[in-house]
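Everything on this sheet refers to the single structure shown next.
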Amino acid sequence: MIVFCLLVMVGRRYVAFAVLPADVNPESGQTLEQITEQAAERLREILQARLAQRSLPLLIRGIVLSLVATLAFAAFVWLFVRVERVVLRRLAATTGRAPGQKGLVTHVSRYAVQLGWRLASGFAWIFALFTGYLWLTFVLSQFPYTRPWGRVLGQQLLTRTSSLALGMVNALPGLATVALILLIAHAFVRMLNTLFESLERGALTVAWLQADTVHATRRIVNVVIWLFAVVVAYPYIPGSESPAFKGISVLVGLMISLGSAGLLNQLMSGLALAYSRAMKAGEYVRVGDVEGVVTQLGLLSTKIRTMGQEEVTVPNAVVVAAKTTNYSRLAERDGGVVTTSVTIGYDAPW
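Note that the sequence shown covers residues 765 to 1114 in this note's numbering.
Shown next, in the form of structure tokens:
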């Protein structure tokens, strides 16, 4: 039985090892020659690294370059810390209370500056960590023994950077599509808002839409348009097909479903109140035990100012379920009727 094999030799006299046909994995799709070439290349790298470890000039060169890189990195860290302290002191002096400046403006500006500083500081620290990663990769690559580690770090950095850049490039068409969909939705909303404003002013009339319900109808139409735009744009959002994105979407949907039962009840009651036209702002009404002038009809509640100058907030669900008496609706056209009870004592003369 004849067995063919390939020998890997060091020089022309020493045989390092032999590669047999049994060493080839049939599922890999590689030939015996390719496997032998890869093994020889690895052996060549090992021998070169072994020789480089014994080379004093290469060792001195690696030490010098590592010291220079370390000093440069230390100088960068020192400069970074100094700049951070100087900028922080100047921001603290700038956001101090100025003479005659209101407290709210001072606090808002201070928090805005602090937020901007924290964001800038976060990006700066990320850049510092990236610089430290480069320094470590460079130092490890200067010595034969640690050169494979430096090569792995460099390959990881190159792979991550290229993957991130490629992902950003691939995400651009999807982001452009999402932006286009949102711009179209925004244009429709602005066009319809102009139409609804004309209906509210009375410049335009529609038989099937009352002036009192124009505001509520505009809100419903705007919400429907934006929801439709979000549904259409969802598949084009980068990462929307990933399991993490889908898991977060399911979690958010579940939280909204569990926590918005009462909110949806109030919203639907507000819509029912608006389309029933039972009351409007400025009218004198009685809702249950509350009597006064309606000051606001909101999505979630109705505000009524009583005769004692008390503002009572009534949830819309309560308003819809309670008996509502409007004293101003017919009084504007036919006049009002005031009813009262009169009692006469027994000792009053005839």
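Note that CB positions come from ideal geometry on N, CA and C, so glycine has one too.
In this structure, DSSP gives Gln906 a state outside helix and strand, which the three-state scheme calls coil. Closest in alpha carbon position to Leu835, among Asn789, Gly896, Ala876, Gly880, is Gly896.
Under the three-state reduction of DSSP output, Ala888 falls in the helix class.
Secondary structure note for Gln1060: its beta strand (DSSP E) is the uninterrupted segment 1054-1061.
Apart from sequence neighbours up to five positions away, the residues of its chain that approach Gln906 with a beta-carbon distance below 6 Å are Gly826, Leu829, Ser830, ordered along the chain. Here Val1078 is near Val1051, since their CB atoms are less than 9 Å apart.
DSSP places Arg982 inside the alpha helix (DSSP H), whose first and last residues are 978-997.
Val1102 carries a coil assignment under DSSP once its states are collapsed to helix, strand and coil. Between Val1082 and Gly1056, the gap from beta carbon to beta carbon reaches 9 Å or more. Ile948 carries a helical assignment under DSSP once its states are collapsed to helix, strand and coil. Remark: C-beta atoms of Asn1080 and Leu1028 do not approach each other more closely than 9 Å. In this structure, the alpha-carbon of Val903 lies about 49 Å from that of Val994. Look at the beta carbons and you see the region 996-1011 touching the region 938-955: at least three pairs across the two are nearer than 8 Å. When DSSP states are grouped into helix, strand and coil, Lys1010 belongs to the helix group. Secondary structure of Tyr897 (DSSP, three-state): helix.
Between Val1049 and Asn1090 a beta carbon distance of about 5 Å is seen, short of the 8 Å cut, so the two are scored as contacting. Considering only Ile824, Trp889, Ala780, the residue with the shortest C-alpha distance to Phe840 is Trp889. Secondary structure note for Val1076: it is in no alpha helix (DSSP H), and the uninterrupted beta strand (DSSP E) holding it is 1075-1079.
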